[in-house]
Each structure stands twice: as C-alpha cells, then as structure tokens.
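If you're matching positions, the sequence shown starts at 1249 in our numbering and goes up one per residue.
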Amino acid sequence: MEFEDNERPIIVRKVIKKGHAHHGGAWKVAFADFAVAMMAFFMVLWLMEAATVKEKQAISGYFTDPTGFTEGGSPYVIDLEGSLKDTNSSDDGGKQETVSKEELEARRIVLNEDTVQDLAQQIEAKKFKELQSTLESRISENADLEKYKDQIIMEVTDDGLQIQIVDKDSRPMFDSGSNQIKSYTTNILEELAATIGTLNNKISVSGHTDAAIFTDRKDYSNWELSSERANSARRSLVKGGISEDKIAQVVGLSSSVLFDQDEPLNPTNRRISILVLNDRSAQRIARQQQGSTRDTTEKKPKKELPEDSEFQSEDIESLDIEIDEPPLETEQITAPSAFDQVRKTLDDRLDAEPLESEVNGDSEGDDEGEFF
C-alpha cells in the first residue's frame, strides 16, 4: 500500500499488563541478622576494651565452668573457703590450664585476723618508708639543713618511723644544762613538721641526755632537763605545722635509754627522738594513759559497821555526805494526833473509787457490804 508524500501512518500500541508472582524478600531477613550480629560484635569489642584484667579472667572462668560461680563457689576475687573451681585461663587462644586440687589448695588465701594484721603492718611499713624518703629528700634539697644531715637518723621500727636528732661536739642542739633550743635545731624540727603534719598519725616526743652530772642541785637533774628539752622540741613541731591533738605523749627519759650503750658520755646520747606512731602503738599508749588514770583514782575508805549488823563491811561502800545546814531540832517535829490520822484515812477512802462489791453490797457469804 502506497502512501502519499508527507503522510505517515499512525500506529497505536496497547500494552496489557498481567499479574505476576510476588518478588522474594528473604534478603531483608538476612541483612537484619547481619546488622544485629555486627552490633553485637562491636559491643563485645567495646566491653573487652573497657574491662580490666581481673574482670576478663572472671568472665573467662564463667564460660569455662559456670557451676563454679553458681554452686557453692565463692563470689569474691579471693576464695573465701568456697568450692575449688579453676577459673584461670591462659592467653593462648582460650586454651585452658589444667590445675590439680593440690595446686589450688596452695594458691588459696585464707583471711583471718592475723593475716589482716600482717597485711596492714606491711602497708604501714611501706608508708613509713615513703615518708622517710620524702623527709630525706627535703633535707637534702634545703641548703641550710643539708649540712646537719649526719645528725638526723631515721629508722622504721615496729612502732613506726623513728627520727632522732643527735648532738655533736661542734653542733649541740641545746647549750649545756639548758633547755633553750638552738636556732638551727628549730629549723630542722619545723622542716620535719611540715611533712609529718600532713599525716593523720600521732607522734611521741622524747628527750634524752647523757650520763654526765651537770649541776649540784638535788631538785634538778637530767630527768627534769630531758623533759624540758622534749617540751621545747614539741613547741617547735607545733609551730612547724603539727596540731596539738596529734601529740600522743611528751616524755623525758634522762640517760635511761642511751644511744651509745658503750659510751654513756658520748654526745650522741643527747638527742631528741620523734616517733611517728602506727595505729597499734598509738592505741597501746592511749590504753596505758587511761589505765594510769584509773589506777590513781582514790577509793574512799569503808566505814566499820556496828557489831550487831547483818551486813558485811566489805559488801558496802561507805558514803560520807557533809551537810552544812544545822540539824533539825527534836522539838520541831511533832507526831500527828489520832484525830488527824482518822480524818486522813476517811478522806483517802472517799477519794478512792469504791469496789463493786462494796457499792452493791452482794458479796458471797455476807448480807451486807463493808467499807472497813
């Protein structure tokens, strides 16, 4: 069929849509599972980064043997007499270490009072060692005090940190027979107090002398001198920063505790001793002071009882009371008359509530109730 020029055919296409099968959505479920797994994975990584070594060991032990945490096992890091469960794991990819019961028994730590006290003493000893190092460093850094370093002796003892400032022939802490402290000794004590004052420990200050007799006075000896020197040192320590309530005791020991036992006249025996007390020593001193206070309390003498008394004199404490007022005279006390006694009895009877049997008058065995 031929068409004329400039004439094009019009073709109309009709597309008929037909129903088709539903597309599959299983990939959505798989993607959701993947997203949840990735979230859990990164959550585990974050928790492992935040957990400590002990927490990781505990978690590893739980997954190794959960019954060790639920059936009789101890919930503490230190096994407190619980069941024997091996919760230790090695670092080689989760491979577990086989430990015998005997080895676990050897590893077990049993906490009792002695163990706790030993641990506390070790901690205190370490603290006093650090304090000693700090004091030695401060003295070394101070140019004015560094030259007196050989006169400052520090030692950690069973009672705490003992600091002794000893005399030398050329550098005494006090003038001979005097309690007037030298200026450089004051500087040493104040420097020590600046560090010791930061602690909560109590301190004991004691003064010591040598065995030399410095005076002919019978009422003043090395005992009085050592006590006054100890008090002078206490005042310098308080001025340097130690509060008064941290002073446990101040004592003078004369020459009873010599530094050099072989040479009683050695200048090193003249010294001031500062003891930074541990808790046990501070409590012992407090008990001793309280005990001495109780012992000095005077008891009043017991009074003798009459011979015909039914009591024993040792069972009765005497009580002496002194009265400043004059005693009452016998004529001021008069016995009440018979009329007054009867009237008082009647008034009391009327004020009291009568019994039911007295009001109704129907008691058993009697025809009439009675008031009297």
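Note that beta-carbon positions come from the ideal geometry of N, C-alpha and C, so glycine has one too.
For residue j and residue i, believed in contact at Cβ under 8 angstroms, the rounded distance
| i | j | result |
| --- | --- | --- |
| Thr-1457 | Ser-1474 | 5 angstroms |
| Ser-1388 | Lys-1397 | 7 angstroms |
| Leu-1216 | Val-1524 | Residue 1216 is absent from the structure shown; the chain starts at 1249 and stops at 1620. |
| Ile-1411 | Ile-1533 | The Cβ separation is near 17 angstroms, so there is no contact. |
| Lys-1450 | Ala-1530 | 5 angstroms |
| Leu-1383 | Leu-1440 | 6 angstroms |
| Lys-1416 | Pro-1512 | So it is not a contact: roughly 17 angstroms between Cβ atoms. |
| Arg-1477 | Phe-1422 | 6 angstroms |
| Asn-1427 | Ser-1480 | 5 angstroms |
| Phe-1507 | Val-1414 | 7 angstroms |
| Gly-1488 | Gly-1425 | Contact doesn't hold; Cβ gap of about 26 angstroms is too wide. |
Residue i - containing alpha helix (DSSP H), residue span
| i | result |
| --- | --- |
| Met-1402 | No alpha helix (DSSP H) holds Met-1402; the beta strand (DSSP E) holding it covers 1400-1405. |
| Leu-1513 | Taken as a continuous stretch (DSSP letters only), Leu-1513 belongs to no alpha helix (DSSP H), as it is neither H nor E. |
| Pro-1301 | In the sequence as displayed, the identity of residue 1301 is Val instead of Pro. Residues 1301-1312. |
| Asp-1623 | A query on residue 1623 cannot be resolved here, the shown segment of the chain reaching from 1249 to 1620 and no further. |
Boundaries of the beta strand (DSSP E) in which residue i is found, first to last residue
| i | result |
| --- | --- |
| Val-1499 | 1495-1500 |
| Val-1524 | 1519-1525 |
| Val-1414 | 1408-1414 |
Exposure label - residue i; buried when at least 16 CB within 10 Å
| i | result |
| --- | --- |
| Gly-1273 | exposed |
| Ile-1258 | exposed |
| Val-1364 | exposed |
| Glu-1255 | exposed |
| Ile-1490 | buried |
| Leu-1367 | exposed |
| Val-1263 | exposed |
| Arg-1518 | buried |
| Leu-1295 | exposed |
| Ser-1452 | buried |
| Asp-1568 | For Asp-1568, the predicted model reports a pLDDT of 47, less than 50, meaning its position is unreliable; a value from the coordinates is still stated below. Exposed, by the Cβ-count rule. |
| Leu-1393 | buried |
| Ile-1371 | exposed |
| Ile-1461 | exposed |
| Gln-1509 | exposed |
| Val-1260 | exposed |
| Leu-1293 | exposed |
Within-8 angstroms CB hit, residue i to chain C
| i | result |
| --- | --- |
| Ile-1307 | This model lacks chain C altogether, as it is built from one protein chain only. |
Taking contact to mean 3 or more Cβ pairs, one atom from each stretch, closer than 8 angstroms, check whether the stretch 1482-1499 and the stretch 1424-1442 are in contact. yes
Please give me, in chain order, every unbroken run of the alpha helix (DSSP H) with length at least 4 that falls completely inside the stretch 1255-1299. 1274-1298
If we count Cβ pairs, one from each stretch, closer than 8 angstroms, do we get three or more for the stretch 1529-1540 versus the stretch 1375-1384? no
Just list the beta strand (DSSP E) runs in the stretch 1424-1495, keeping only unbroken ones of 3 residues or longer that don't cross its boundaries, in chain order. 1451-1456
I'd like to know if the stretch 1441-1460 and the stretch 1485-1504 are in contact, where contact means that at least 3 CB-CB pairs between them fall below 8 angstroms. yes
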